[in-house]
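A.B. asks: Each residue of the sequence shown is one higher than the last, beginning at 563 in my numbering. Even for Gly, the Cβ is constructed at its ideal location relative to N, Cα and C. Note that the structure is a prediction, hence the values are computed from the model and not measured.
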Amino acid sequence: MDIKRYALSADQLRWQCDPSWFDFDCTRDLVPLQEFIGQDRAIRAIEFGLSMSHEGYNIYVAGLTGTGKTSAVQKHIRKLLKEREVNQQLKPPKDWCYLYCFTDPDRPQILSLPQGRGKVLREHISNLLQRLKEELAKAFSSEEYKSQKEKTLEEGQSQQQKLFEQISEEAQRQGFVFQMTPVGPALIPLQDGKPLSQEDYMALEEAVRKEVESRRGELLKRLQDTFEEARDIERKTAQKVQEADKAVANFTVSRLFEDLMKEYADSEQTQKYLSDLRSYTLNNLDMFKEKEEREQMVMGIPASQLMRGRDPFLPFSVNVFVDNSETSGPPVIVEPNPNYANIFGKTERRFLFGGYLSDHTMLKPGAFQLANGGYLLLSAIDVLSNPGVWPALKRTIKTKEARIEDPFEQYGLVMFQGLRPQPMPIDVKVLLIGDAWLYQYLAMYDEDFWEIFKVKADFDYEIDRSKENMMHYACFISGCCEKSGMRHFDKTAV
């Protein structure tokens, strides 16, 4: 057999690109590549996964190496979204707000609104509060209101005074004088119309002291009954003042809330919030009354409010949790640092007087909430490297609920005031980008993996050496030169 005929020259051992294949002189003349090179099968898999609305059709993008793979997938998704937008196949993303929960302040309520309406609701409630402060303060500072309130309080005080005068007269008839001491009311025995000292009292015969103590015991019972009656009068007086306050405020409050109720007639949840806020306003009218003395402020909060707990105006605060007013089409979110808080959100806290304060206005969204109604791109290896993220990611995909939780609470590492916000319903397509070996590892050792990532987009490491692909490669080089600020290549350098 003559093997010499199979011999190759040195030039034949290495393939060289023929510059005549290119019809350009410099890559500066080319349009940077916006597509993948020779990855039709992987692209079809991505398009299939994006088109499926059934559960579990999230996508694992495998096989891409080097830098820029996430941005390449992101660009392709945006291109597909633009095509669907032209065909009017896209729904605008919603706004999401957290509201104060009147039945349980530690359980903030989630509210969805049409795109751009979250900021509008916040502004409406802010304006409502401002008008309530102005108009109710004016109503409660009127001379007519002050006169009526003073009359009611004087009537209550007069009734209480009459009760104490009666018990004081009865005590004198029984040989006692009624006095208030730092430790409470006291009945002191009289002798010749003068109070007995402790020494004179102990000098009395034992039989006399027993008789005095017997009469004192009966008077103390009557005194206790008198105090109960006085407290009852005080409660009734306070109730009358409260009813008078409501009568004064009801017209103003009802008028201001009625306009907003009409504005949000198409949202049952917003209607309930406004109704609860109206009731809260009428039941807490004291916060709208002008204070005679200016209170000391601590970190912008009146000191009296800090002693009682929450800011009384907190229910009027609307937390626009996810604002999509400037978003065009479904959101496409890439999270480069997928730790627990960045993915699932967090509760901020404010340190004050040795403790931590938190409320619904301190809830911050993570990538999952920001991607609601759209797409979330994550690095598989980074997700698995952050403690607690992978189990929470699977749970979120399965339940279709994004929960804001502190991952360290289960280990007893924190003792902060704990909020338990209502979970946010989500509809997110997750694209996990990683190596092929990691896909095989997850498929083998995680029984949930195939259930929630049913689509694999496998990018090839090799492509056909065709003139078309070579031209695409030259366009790719053009994009790299522009992005890196390098000098462009001529056709021989390519």
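According to DSSP, D921 sits in a beta bridge with which residue or residues?
C.D. replies: Numbered from 1 along the sequence shown, position 359 holds the residue referred to as residue 921. Paired residue(s): none; D921 is not in a bridge.
A.B. asks: Would you be able to state if there are at least three C-beta pairs under 8 Å between the stretch 638 to 647 and the stretch 664 to 681?
C.D. replies: No: the two stretches stay apart, fewer than three of their Cβ pairs being nearer than 8 Å.
A.B. asks: Extract the residue ranges of the alpha helix (DSSP H) inside the stretch 874 to 959, only unbroken runs of 4 or more that lie entirely within it.
C.D. replies: Those alpha helix (DSSP H) runs which fall completely within the stretch 874 to 959 and span 4+ residues are 902 to 906, 929 to 932, 942 to 947.
A.B. asks: Determine the direct distance from the alpha carbon of Q984 to that of A809, and round the result to whole angstroms.
C.D. replies: For the purposes of this step, residue 809 is identified with residue 247 of the sequence shown, where counting begins at 1. For the purposes of this step, residue 984 is identified with residue 422 of the sequence shown, where counting begins at 1. Using only the alpha carbons, I get a separation of about 35 Å.
A.B. asks: Thinking C-alpha only, which one of K656, S947, A806, A903 is nearest E712?
C.D. replies: Looking up residue 712 in the sequence shown gives position 150. Of the listed residues, the one whose Cα sits closest to E712 is A806.
A.B. asks: Could you tell me the alpha carbon to alpha carbon distance between P949 and A903, rounded to whole angstroms?
C.D. replies: For the purposes of this step, residue 949 is taken as the residue at position 387 of the sequence shown. For the purposes of this step, residue 903 is taken as the residue at position 341 of the sequence shown. Their Cα atoms are separated by approximately 11 Å.
A.B. asks: Determine, using beta carbons only, whether E897 and A929 come nearer to each other than 9 Å.
C.D. replies: Within the sequence shown, numbered from 1, the residue matching residue 897 stands at position 335. Within the sequence shown, numbered from 1, the residue matching residue 929 stands at position 367. In this structure, A929 lies closer than 9 Å to E897 by Cβ.
A.B. asks: In the DSSP assignment, find the unbroken alpha helix (DSSP H) run with C1037 in it and report its ends.
C.D. replies: Sequence index remark: in the sequence shown, residue 1037 carries index 475 (1-based). C1037 -> alpha helix (DSSP H) spans 1029 to 1046.
A.B. asks: Given this structure, state the Cα-to-Cα distance separating P555 from S633, to the nearest angstrom.
C.D. replies: Because the chain is modelled from 563 through 1056, residue 555 falls outside the range shown and cannot be assessed.
A.B. asks: Take the Cβ of R840 as the centre, count every other Cβ of all protein chains shown within 10 Å, and call the residue buried at 16 or more, exposed below.
C.D. replies: In the sequence shown, the residue the question calls residue 840 occupies position 278. Answer is buried; the Cβ neighbour count reaches 16.
A.B. asks: Would you mind stating whether G718 and E820 have Cβ atoms separated by less than 9 Å?
C.D. replies: The residue you call residue 718 lines up with position 156 of the sequence shown. The residue you call residue 820 lines up with position 258 of the sequence shown. Contact: no.
A.B. asks: Quick one: Cα of L691 to Cα of A933, how far?
C.D. replies: Position 129 of the sequence shown, counted from the start, is the residue given in the question as residue 691. Position 371 of the sequence shown, counted from the start, is the residue given in the question as residue 933. Distance between the alpha carbons of L691 and A933 is about 32 Å.
A.B. asks: Using the three-state DSSP reduction, which class does G718 fall into: helix, strand or coil?
C.D. replies: Residue numbering aside, residue 718 sits at position 156 when the sequence shown is read from its first letter. DSSP places G718 in helix when its eight states are reduced to three.
A.B. asks: Roughly how many angstroms separate the alpha carbons of I605 and L818, rounded to a whole number?
C.D. replies: In the sequence shown, residue 605 corresponds to position 43, counting from 1. In the sequence shown, residue 818 corresponds to position 256, counting from 1. Straight-line Cα distance between these residues: approximately 55 Å.
A.B. asks: What number of angstroms, rounded off, separates the C-alpha of E706 from the C-alpha of L836?
C.D. replies: In the sequence shown, the residue the question calls residue 706 occupies position 144. In the sequence shown, the residue the question calls residue 836 occupies position 274. Computed Cα separation, rounded: 30 Å.
A.B. asks: Can you list, in chain order, the residues of its chain whose CB lies under 8 Å from that of L1138, leaving out five sequence neighbours each side?
C.D. replies: Residue 1138 lies beyond the residue range present for the chain, which begins at 563 and ends at 1056; the question has no answer from this structure.
A.B. asks: When burial is assigned at 16 or more other CB atoms within 10 Å of the CB, is Q722 buried or exposed?
C.D. replies: By one-based count along the sequence shown, residue 722 stands at place 160. That one is buried.
A.B. asks: Would you mind giving the Cβ-Cβ distance between I599 and I1039, rounded to the nearest angstrom? I have them listed as a contact below 8 Å.
C.D. replies: Numbered from 1 along the sequence shown, position 37 holds the residue referred to as residue 599. Numbered from 1 along the sequence shown, position 477 holds the residue referred to as residue 1039. Their Cβ separation, rounded to whole angstroms, is 11 Å, which puts I599 and I1039 out of contact at 8 Å.
A.B. asks: Taking the alpha-carbon of A733 as reference, which of K772, R777, E696 has the nearest alpha-carbon?
C.D. replies: Start at 1 with the first residue of the sequence shown, and residue 733 comes out as number 171. It is R777.
A.B. asks: Can E768 be considered in contact with the ligand NAD, in the sense that its beta carbon sits closer than 8 Å to one or more heavy atoms?
C.D. replies: For the ligand NAD, the structure offers nothing, since it holds no ligand at all.
A.B. asks: Can you tell which of R982, G618, K834 has the C-alpha that lies nearest to the C-alpha of K962?
C.D. replies: Working through the sequence shown from its first residue, we reach residue 962 at position 400. Among R982, G618, K834, the Cα nearest to that of K962 belongs to G618.
A.B. asks: Where does Y660 land, buried or exposed, given buried means 16+ other C-beta within 10 angstroms?
C.D. replies: Reading the sequence shown from its first residue, position 98 is the one you call residue 660. Y660 is buried by the Cβ-count criterion.
A.B. asks: Nearest to G907 by CA position, among Q601, M1006, A964, is which residue?
C.D. replies: For the purposes of this step, residue 907 is taken as the residue at position 345 of the sequence shown. Closest by alpha carbon: A964.
A.B. asks: Does DSSP classify D794 as helix, strand or coil?
C.D. replies: Taking the first residue of the sequence shown as 1, we reach residue 794 at position 232. Helix, per DSSP.
A.B. asks: Out of G891, V739, L946, point me to the one whose CA is closest to L652's CA.
C.D. replies: One-based indexing of the sequence shown puts residue 652 at position 90. Per the Cα distances, G891.
A.B. asks: Just to confirm, is the Cβ distance from I729 to L673 under 9 Å?
C.D. replies: Residue numbering aside, residue 729 sits at position 167 when the sequence shown is read from its first letter. Residue numbering aside, residue 673 sits at position 111 when the sequence shown is read from its first letter. Cβ distance not < 9 Å, so I729 and L673 don't count as in contact.
A.B. asks: Skipping 5 residues on each side, what residues in its chain have a beta carbon closer than 8 Å to that of L570?
C.D. replies: As a working note, residue 570 is residue 8 in the sequence shown. For L570, where only same-chain residues beyond five positions count, there are no Cβ hits under 8 Å.
A.B. asks: Quick one, which of L675, K700, D668 has its alpha-carbon nearest P654's?
C.D. replies: For this step, residue 654 is matched to residue 92 along the sequence shown. Of the candidates L675, K700, D668, the one whose C-alpha sits nearest the C-alpha of P654 is L675.
A.B. asks: Under 7 Å Cβ to Cβ from N1044, same chain only, skipping five residues before and after it: list those, please.
C.D. replies: In the sequence shown, residue 1044 corresponds to position 482, counting from 1. Rather than Asn, the amino acid found at residue 1044 in this sequence is Glu. Cβ within range, chain order: P594.
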